[in-house]
Ligand code: SIN
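Residue numbers (this note's numbering): 49 to 540.
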């Protein structure tokens, strides 16, 4: 990364909590380090928040709610449009900041900025389209109608894999709906979120409407538990593991909060023998190696029909062997470091376990220690089977296990043989098969002859233990609204 670009990224760095329109150190005064996953160097020391900071953020959000909900939708839309413009104007610097703290290559990081910004623009428009209904009455003398109202204070808890896009697609619909927000970004990547909050403030988001606290992995439960126990926080929106999602669902039951949970996946990718194999290889590369495989919708299990298995494997391996791994700052890098040591250890454990259970390493299959401690080679494994840990657990890294199958129903059964149901993909050129398989797959998102599914206009979310609620699209506001039914009598 050029010194100028790194300097422009560093100019966006904020290290305190943002509460009630002010940058404040945590009440304990403690801090924790944010590091560059490529080198381990410390980028900044940010506030180590606890329950008192979380409560202060909820106080501010709660105080700001009545005035914010009373703003006109077009006023909220105008502020969101200014925020969008500020994000776009800072694309290069924000992209560099994402690369620094998360490790994705610069071009991909800039793509994330544009992707995240698209949700802000989308929900600026949606803010003005929150319609109610007039219900045809079935009782004389009564008029029945509905209005949609903001749910109240929203707690947004976001992951590290898309430090900008995930928080933007939670905050934008919340603000558009008239809700106020308390947010906590992932401990590995708080700097992009803090920068985003500064830009929102500059764009005119009033004090208290958007608040953000940071906390390390160990301290996070204190902040989140304070929100879980707080009856003023009416909704939690979370992207992360199914284990944490279940904890939030259990613990928010005490105050019956509304929940949106975008949780883990274990996406199947099926290649039928009538598929365009080159298109399937390209689709798999796009879906699997985005963010180095650290994406909830990444294919985790690749099922290939036996009569095209060898051909597909050979073409895939040729392309995977060409992928360039290196630091985000190197313009030729296509895959950067994994986020941290635990992530690389899990990938290595999955590959070792697969090999012990009979998998063959066709490409990669090793750490790239010469580059740094968090790099893992893009990997293709042949002869994958159900007993392997990578079949049941999300690897969250650049590993493609290939499973062979014979019949369509066998592939669908194996694809659905998981508690998760976020994304699923398949390649086929047979229209009747396309109808059958899209109906049979248990997933919230299905890619048909397509590996790149993300769009602000489309609903993102899962079924089964991948969670509930939808982000983006015209459905994305519903999770931040409640329906009020008005019944006016005495009209006969
Ligand atoms: C995720 O990995 O959770 C988000 C991926 C996306 O928005 O496509």
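Where is the CB? At the ideal position from N, CA and C, for every residue including glycine.
C-alpha gap between residue i and residue j, whole angstroms
i           : j           : result
residue 406 : residue 425 : 20 Å
residue 313 : residue 184 : 42 Å
residue 182 : residue 532 : 12 Å
residue 76  : residue 65  : 12 Å
residue 232 : residue 418 : 34 Å
residue 360 : residue 329 : 7 Å
residue 259 : residue 109 : 7 Å
residue 293 : residue 455 : 35 Å
residue 201 : residue 103 : 12 Å
residue 347 : residue 118 : 44 Å
residue 392 : residue 116 : 44 Å
residue 72  : residue 245 : 13 Å
residue 276 : residue 298 : 10 Å
residue 345 : residue 151 : 19 Å
residue 362 : residue 385 : 26 Å
residue 176 : residue 198 : 13 Å
residue 549 : residue 53  : Because residue 549 is not part of the residues shown, which for the chain are 49 to 540, the question remains open.
Residue i burial status per 10 Å Cβ neighbour count (16 or more: buried)
i           : result
residue 70  : exposed
residue 287 : buried
residue 242 : buried
residue 534 : exposed
residue 372 : exposed
residue 336 : buried
residue 62  : buried
residue 479 : exposed
residue 355 : exposed
residue 305 : buried
residue 188 : exposed
residue 379 : exposed
residue 123 : exposed
residue 540 : exposed
residue 290 : buried
residue 114 : exposed
residue 89  : exposed
Contact test: residue i Cβ vs the ligand SIN heavy atom, cutoff 7 Å
i           : result
residue 504 : no
residue 365 : no
residue 213 : yes
residue 443 : no
residue 348 : no
residue 508 : yes
residue 464 : no
residue 344 : yes
residue 210 : yes
residue 266 : no
residue 417 : no
residue 287 : yes
residue 310 : yes
Closest residue to residue i among the options (Cα-Cα distance)
i           : options               : result
residue 180 : 186, 192 and 188      : 192
residue 129 : 151, 168, 143 and 119 : 168
residue 453 : 466, 433, 468 and 446 : 433
residue 388 : 429, 342 and 120      : 342
residue 511 : 490, 521 and 529      : 490
residue 131 : 322, 421 and 251      : 251
residue 84  : 276, 516 and 421      : 421
residue 51  : 110, 140 and 205      : 140
residue 217 : 161, 104, 254 and 375 : 161
residue 476 : 323, 284, 127 and 158 : 323
residue 283 : 540, 517 and 539      : 517
residue 435 : 112, 203 and 465      : 465
residue 274 : 256, 289, 255 and 296 : 296
residue 164 : 221, 151, 249 and 148 : 221
residue 133 : 114, 404 and 170      : 170
residue 208 : 414, 87, 261 and 149  : 149
residue 403 : 382, 415, 431 and 423 : 431
residue 56  : 240, 81, 87 and 125   : 240
Beta-carbon gap between residue i and residue j smaller than 8 Å
i           : j           : result
residue 463 : residue 351 : yes
residue 470 : residue 503 : no
residue 238 : residue 94  : yes
residue 145 : residue 377 : no
residue 280 : residue 106 : yes
residue 369 : residue 319 : no
residue 537 : residue 509 : no
residue 228 : residue 97  : no
residue 522 : residue 310 : no
residue 447 : residue 399 : yes
residue 308 : residue 527 : yes
residue 460 : residue 500 : no
residue 101 : residue 257 : no
Proximity test, Cβ basis, 8 Å: residue i and chain D
i          : result
residue 86 : Of the protein chains in this structure there is only one, and it is not chain D.
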